[in-house]
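When we follow UniProt numbering, the leftmost residue of the sequence shown carries the number 1, and every step to the right adds one. Idealized CB from N, CA, C, for every residue including glycine.
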Amino acid sequence: MPCVADWLNNPFSIVQGIFAQNVPNSDWEKKVTEYFKEKLKENNATNWVPSLNDVPVHYLKPNSLVKFRCMVQDMFDPEFYMGVYETVDPNTNARVLHFGKYRDVAECGPQQEIDLNSSQTVTSERQTFYCVPVPGESAWSVVVLKPQFYAYISASQARVSPSTSYTPSRHKRSYEEDEDMDLHPSKQKEQHIGNSRSGGDIHGCVEPKRLETEASAGHHLVSPNCSPPLDLNFPLPGEKGPACLVKVYESWDSFKVNDVLEVYGILSVDPVLSIVNNEESCAVPFPTDSSALDPMECMDMAEEQRVHSPPASLVPRIHVILAQKLQHINPLLPACLNEEESKTCEYLNLTSLFVSNFMSELSPVRAELLGFLTHALLGDSLAAEYLILHLISTVYARRDVLPLGKFTVNLSGCPRNSVFTEHIYRIIQHLVPASYRLQMTIENMNHSRFIPHKDYTANRLVSGVLQLASNTSLVVDETQLEQGQLDTTGVHNVTALGNLITWQKVDYDFSYHQMEFPCNINVLITSEGRSLLPSDCQVHLQPQIIPPNMEEYMNSLLTAVLPSVLNKFRIYLSLLRLLDYSISDEVTKAVEEDFVEMRKNDPESVTADDLHRTLLVARFLSLSAGQTTLSRERWLRAKQLEALRKARLQQQKCVNGNEL
C-alpha cells in the first residue's frame with residue numbers, strides 16, 4: 001500500500017503503477033482520478049496537500065501534489081499532447097510505453113528515443129487556464145489556512161529540492177524570517193543592501209528566487225533572461241501571490257473566465273519550459289525557413305510565446321487531477337453547502353450538522369453583529385441594519401437582463417476628506433472573504449484600467465479592476481471625488497461602474513466587439529451627498545457620536561472584538577448568502593393587497609420600484625434571521641425600515657434643499 005509520502009510527494013509513481021497495470025486499456029486515466037479522489041476523502045487529507053496560496057513555490061518539491069485556490073483570469077487555446085507514447089532503444093530495439101498526461105515534457109530514458117511513428121501513440125487534448133489568486137482576498141481568509149504551511153514544512157522534505165535548476169548563491173530565508181522582515185522593513189532594507197554589495201547582480205538581472213517572494217507584490221516580474229518585465233496580469237493593483245498555468249484534462253467546458261476554482265494537481269516547474277521563452281530566436285511552429293517569415297509576424301509570435309510560456313520559476317504549471325468550482329472562498333465554511341453540491345460532498349452529514357448548529361445560535365450572532373456595525377457607523381443603528389442586508393445580498397437569478405437579488409447601497413452623509421470611509425472599508429475587510437476599495441478620484445477614473453480587453457498580439461485577455469470573483473465586496477469611495485475633467489477613459493470607466501451596479505455585468509473590450517460577462521458583485525457607495533452612480537437604496541448616515549480621534553476609535557473597536565466572535569460574523573454573512581428563499585402564495589396575496597392599499601393612501605410617492613425594494617429588504621431581513629420564507633412579521637418590519645429610511649432622506653432634503 002502506498003504511504004502518504006508516495007501519493008503526496010511522488011504522485012507520478014502512483015500514476016505509473018496504475019498505467020502499467022491497466023495499459024493498453026483506456027480506463028487507467030479514470031482509475032488515477034478515482035485513486036486520488038479516494039485519498040483526499042480520508043480524514044484531514046486535504047490539509048496535508050500544500051497550497052500555492054500559502055507556500056512559496058521554491059519551498060515545494062517539483063512533481064509533487066499541490067492545491068491552488070484561484071480565479072480563472074484567462075483561458076488559452078486548447079493544446080495537443082502525447083497522452084501515450086512509445087520509446088525504443090536503438091541498440092536492443094526494446095520498446096517501452098509511457099504516459100504523457102500530467103507532464104509538460106516527454107520523459108525518455110537513457111539510450112532511448114521516442115518513436116513518433118508508433119501505432120501505440122495516442123494524441124490527446126487539454127485546456128490551459130491562466131489563473132491568479134482570488135482578487136482582493138482578505139488577509140484573514142489566508143491566515144485561517146496558514147497552519148497548513150507549517151505542517152507541510154515540518155512533515156515533508158519539500159525544502160531539499162529547489163523549483164528550478166537555478167542554484168542560489170545565498171541561503172534561502174525561512175518563512176519565519178520573511179514574516180519578521182514584513183514586520184521590520186529596516187531588516188529587509190539592510191539585507192538588500194548587503195546582497196547588492198556582494199556583487200551577485202552581475203548582468204543586471206534580478207535574482208529569480210528573490211522575485212518569487214519579494215517582487216510579487218506588483219504586476220510585473222523580470223524573467224531570468226532579462227527580457228521586458230513579465231506582466232502577471234493581476235486584476236487589482238498591489239496583488240500578491242503566484243499566477244499559474246492550470247492544465248485541465250477533463251470537463252474543462254464546465255469552467256469559464258472569472259470562476260473560482262480549487263484544483264489539486266501535479267506541480268511542474270521544469271526549467272526546460274523557460275528555454276522556449278528565449279526571445280533571441282523566433283519560435284516557429286513547423287519546420288520551415290524562419291528567414292521567410294515577416295519580421296512583424298515573427299515579433300507577434302514571440303510576444304504570444306512569451307505570454308503563453310512564461311518561465312516556470314515565475315509562473316508554475318499545475319496539471320490538474322481533481323478540480324471543483326467553489327461556491328464561496330470562506331475557509332470557515334464547508335466547501336459544499338447547497339443541495340446539488342452536497343450530493344457529491346463526502347461529509348454531507350457533518351455539513352448538515354454544522355449548518356443546523358450554527359442556525360440555532362443565529363439570533364445572538366445577528367444581535368452582536370448589529371451592535372458591532374452600529375458602533376462602526378458612529379451609533380447609527382438604521383444604517384447598520386441596511387449594511388447587514390447589503391452584506392448578505394446576492395444575485396440569485398436573472399429574469400431576461402434583470403439581475404434579481406442585487407442590493408447596492410449608497411451610504412450618503414459620510415464625512416468628506418476624513419479617514420471614516422477608509423476605516424469602514426477596514427471593517428468590511430475583516431468580515432468578508434474578498435473585497436476592494438475603489439477610490440473614485442479624477443486621476444483614478446482617467447488612468448485606471450477598469451474594463452478587461454483583448455490583446456490580439458499576445459493573444460490574451462488583459463485584466464481590469466472590474467474583473468472580480470463572484471460575491472466580492474466592492475466599496476466605491478466617492479468622498480474622494482473633487483472637481484475636474486473626465487477624459488474618454490474616465491467616461492468609459494464611470495459608465496462601466498454604472499453598468500456593473502445596474503445590470504451586474506461588465507462588457508469586456510474585444511476591439512471589434514464587446515462581450516458581456518455577468519457578475520455578482522456587492523457594491524457599497526460611500527458619498528457626502530447623493531451618489532453620482534446608480535444604487536438600489538440610499539441610506540443617509542446620522543452619526544450619534546463624533547469620536548475625537550477616528551483612527552483610535554476604529555482600532556479600539558476591532559481590538560475589542562474577540563477573534564471567535566469575528567469568525568461567527570464571517571460565517572453568518574457567508575452562510576446566509578447561500579440559503580434558499582421563497583414566498584408562499586398566502587403571503588404573496590397579502591403583500592399585493594397591502595401594496596394596493598399603500599397606493600390608495602399615497603398614489604404619487606408609492607411606485608413599483610418601492611414595492612420591489614421593500615420586497616428585497618423583506619427577503620434579506622428574513623434571511624438575516626435565518627428564515628427562508630417571508631412572514632407577515634418580517635414584511636411589516638421591512639415596511640417600517642423603509643419608512644424610517646425615507647423619512648430621514650426627506651428630512652435631509654429639507655435641510656439641504658436638493659439633496660435627493
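Three-state class that DSSP yields for Phe-36 in the structure shown: helix
Tyr-102 versus Asn-471 - alpha carbon distance: 32 Å
The alpha helix (DSSP H) enclosing Ile-571, as first and last residue numbers: 563 to 577
Gln-538, buried or exposed, once every other Cβ within 10 Å from all chains shown has been counted against 16: buried
The stretch 104 to 121 contacting the stretch 40 to 59, beta-carbon criterion three pairs below 8 Å: no
Secondary structure, alpha helix (DSSP H): runs of 4+ residues fully inside the stretch 86 to 110: none
Residue range of the beta strand (DSSP E) that includes Ile-521: Careful: Ile-521 lies outside any beta strand (DSSP E) and carries neither H nor E.
Residue burial classification, Glu-385 (beta-carbon count within 10 angstroms, cutoff 16): buried
Buried versus exposed call for Val-591 [16 or more other C-beta atoms within 10 Å across all chains shown]: buried
Ala-397 and Phe-450 closer than 7 Å at C-beta: no
Uninterrupted beta strand (DSSP E) stretches inside the stretch 478 to 525 (no shorter than 3 residues): 505 to 509 and 514 to 518
Which residues DSSP lists as bridging Ile-266, in chain order: Leu-65 and His-319
7 Å Cβ cutoff met for Ala-638 and Ala-618: yes
From Ser-622, Lys-646 and Trp-635, residue whose alpha carbon lies closest to that of Ser-605: Lys-646
Where Tyr-456 falls, given that 16 or more other Cβ within 10 Å makes a residue buried: exposed
Delimiting residues of the alpha helix (DSSP H) encompassing Phe-420: 420 to 429
Pairwise C-alpha distance: Thr-121 and Asn-520: 45 Å
Whole-angstrom C-beta distance between Ser-141 and Arg-366, which should lie under 8 Å: Not quite, the Cβ-Cβ distance comes to about 22 Å (not below 8 Å), so this is no contact.
Which listed residue (Pro-50, Asn-446, Asp-602 and Thr-46) has its alpha carbon closest to that of residue 694: In the structure as shown, the chain starts at 1 and stops at 660, and residue 694 therefore has no counterpart that could be examined.
For Glu-586, the three-state DSSP class (helix, strand or coil): helix
Continuous beta strand (DSSP E) stretch holding Thr-128: start and end: 122 to 132
Beta-carbon proximity list for Val-307, same chain, < 7 Å, skipping 5 on both sides: Ala-458 and Arg-460
Environment of Lys-600 [buried if 16+ CB atoms lie within 10 Å]: exposed
CA nearest to the CA of Pro-271, picked from Pro-310, Met-301, Asp-259 and Asp-507: Pro-310
Beta-carbon separation (whole angstroms), Leu-65 vs Tyr-249, contact threshold 8 Å: About 15 Å separates the two Cβ atoms, so there is no contact after all.
Residue environment, Lys-78, which counts as buried when at least 16 other CB atoms sit within 10 Å: It should be noted that the sequence gives Pro, not Lys, for residue 78. Under this definition Pro-78 is an exposed residue.
Best match in His-328, Asn-43 and Asn-499 for proximity to Pro-403 [C-alpha to C-alpha]: Asn-499
Three-state class that DSSP yields for Asp-400 in the structure shown: coil
Expected contact under 8 Å - CB spacing of Val-105 and Ala-434 to nearest Å: The Cβ separation is near 36 Å, so there is no contact.
Status (buried if at least 16 other CB within 10 Å, exposed otherwise) for Ser-138: buried
When Gln-73, Ser-119, Ser-268 and Met-440 are compared against Glu-86, the one with the closest alpha-carbon: Ser-119
C-alpha distance - His-612 paired with Phe-420, whole-angstrom precision: 31 Å
Residue span of the alpha helix (DSSP H) that contains Val-15, given as start and end: 11 to 22
Beta bridge counterpart(s) of Val-143 as assigned by DSSP: Answer is none; Val-143 lacks a bridge partner.
Validate contact between the stretch 122 to 132 and the stretch 81 to 99 using beta carbons, cut 8 Å, 3 pairs: yes
Own chain partners of Phe-286 with C-beta closer than 6 Å, once the 5 adjacent residues on each side are dropped: Any answer about Phe-286 is weak, because its pLDDT of 34 lies below 50 and its placement is not dependable; what the coordinates show is given next. Nothing listed; no residue qualifies.
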